[in-house]
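Heads up, the thing below is written out as structure tokens.
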Amino acid sequence: MALKKGLGRGLDSLFGDNDYGDRAEVLESKDQESEIEIDKVFPNPNQPRKIFDEQGLNELADSIKIHGVIQPLIVTKRDDKYMIIAGERRWRASKIAGLLKVPVIIKDYSDQKVSEISLIENLQREDLNPIEAAKAIKKLMSDYSYTQEKVAERLGKSRPAITNTLRLLSLKRDIIDMIMQGVLTAGHARALLAVEDQEGQLKLAKLAIEKQMSVRELESAVKKYLMPKTQAKAIPEASLELKELIYDMQRVFATKVTALGNEQKGRIYIDYYSRDDLDRISELIEDLKDKNF
């Protein structure tokens, strides 16, 4: 949930009756709040959020026409203009509403800080779809050599949550598009991660959309899809209960789990593909230990 901070006060309340005409200059002291021409403001080209609901923008524009922009945009100066750190949706709606100026708070931030705050602000507001969040996290790691642990610390998320979000990018491109369009949720996507072959992922994704499956229903469909493979390759003599255990472990650990033997005797194998994978599985086990001991 986003934290509401401050109300836009307008140019007159800041500068009295001074007539500034069409000048775009504003005072540049720390955290200065003012109004600047809307054409002097531009969106961050690396803004994590790429999709803006047109109907929602129009509704916000209607509200702005009546009440104005209640919460100022957060911007940082770039040459003679101002780049948006937080508030692009309000800026877009203000343009639709025909505003000539918008209230802003000016921050002196580095590009790295801008990237972090843009991502955090969108995550707090739950404005990002899961793929946008995953791409933004990956970019933070790529641009600033962040580890998953560092990203988790900076965003206030758990390490497994960061890892599982990034794993969504391994899904088939068609499924990623479905998530971007909002026809599949993050929960549906995580259920599909248990399926290794991408054609199987796509088949199940289309089935989920066609039948309007809940996440739990899709998990059941994934379980049925995987069981024949598990039975043929890993646990030919396993009971139904053991098969269900293996599936549940695949879902919880978000990786391949196989078993040899039966409920009386055998071995269970948990695959990991990187140090991050191993650390994530270790953290999940530590969480289980904390809950049970």
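Those letters in the sequence shown? Residues 1 to 293, by my numbering.
We treat Cβ as the ideally placed atom computed from N, Cα and C, and that holds for glycine.
query: At which residues does the beta strand (DSSP E) containing Met83 begin and terminate?; result: Lys81 to Ala86
query: For my contact list, Leu57 and Val104 are in at a C-beta cut-off of 8 Å; report their separation, rounded to the angstrom.; result: 19 Å between Cβ atoms; not a contact.
query: By the three-class DSSP mapping on this structure, what secondary structure does Ser170 have?; result: helix
query: Whole angstroms are fine: how far does the CA of Lys211 sit from the CA of Ile120?; result: 35 Å
query: Express the C-alpha separation of Leu204 and Val75 in angstroms, rounding to a whole number.; result: 43 Å
query: When the Cα atoms are used, what is the spatial distance from Ile285 to Arg267?; result: 18 Å
query: What is the DSSP secondary structure of Arg78, reduced to helix, strand or coil?; result: strand
query: Just the Cα atoms here: how many angstroms apart are Arg90 and Leu60?; result: 8 Å
query: Is the closest heavy atom of the ligand MN to the C-beta of Glu286 under 7 Å?; result: For the ligand MN, the structure offers nothing, since it holds no ligand at all.
query: When burial is assigned at 16 or more other CB atoms within 10 Å of the CB, is Lys265 buried or exposed?; result: exposed
query: In terms of residue numbering, what span does the alpha helix (DSSP H) encompassing Arg154 cover?; result: Gln148 to Leu155
query: Using 8 Å as the Cβ pair cut-off and three pairs as the minimum, do the region 267 to 283 and the region 208 to 226 touch?; result: no
query: Quick test of your reading: Asn44 and Ile85, contact by CB under 8 Å. State the CB separation rounded to the nearest angstrom.; result: 7 Å
query: List the endpoints of the continuous beta strand (DSSP E) containing Glu35.; result: Glu33 to Glu37
query: Work out the CA separation of Ala133 and Lys50 for me, nearest whole Å.; result: 10 Å
query: How would you label Gln47, buried or exposed, when you count the other beta carbons within 10 angstroms and need 16 or more for buried?; result: buried
query: Look up Arg49 in the DSSP assignment and say whether it is helix, strand or coil.; result: coil
query: Whose C-beta lies closer than 6 Å to the C-beta of Ser170 among residues of the same chain, with five residues either side of it excluded?; result: none
query: How far does the alpha helix (DSSP H) with Ala189 in it extend, from its first residue to its last?; result: Ala186 to Leu192
query: Given Ala161, which residues of its chain have a CB within under 8 Å of its CB, disregarding the five upstream and five downstream residues?; result: Ala152
query: Alpha carbons only, please: which of Asp197, Arg251, Ile117 and Leu128 is nearest the one belonging to Ile270?; result: Arg251
query: Mapping DSSP to helix, strand and coil, what is Pro72?; result: coil
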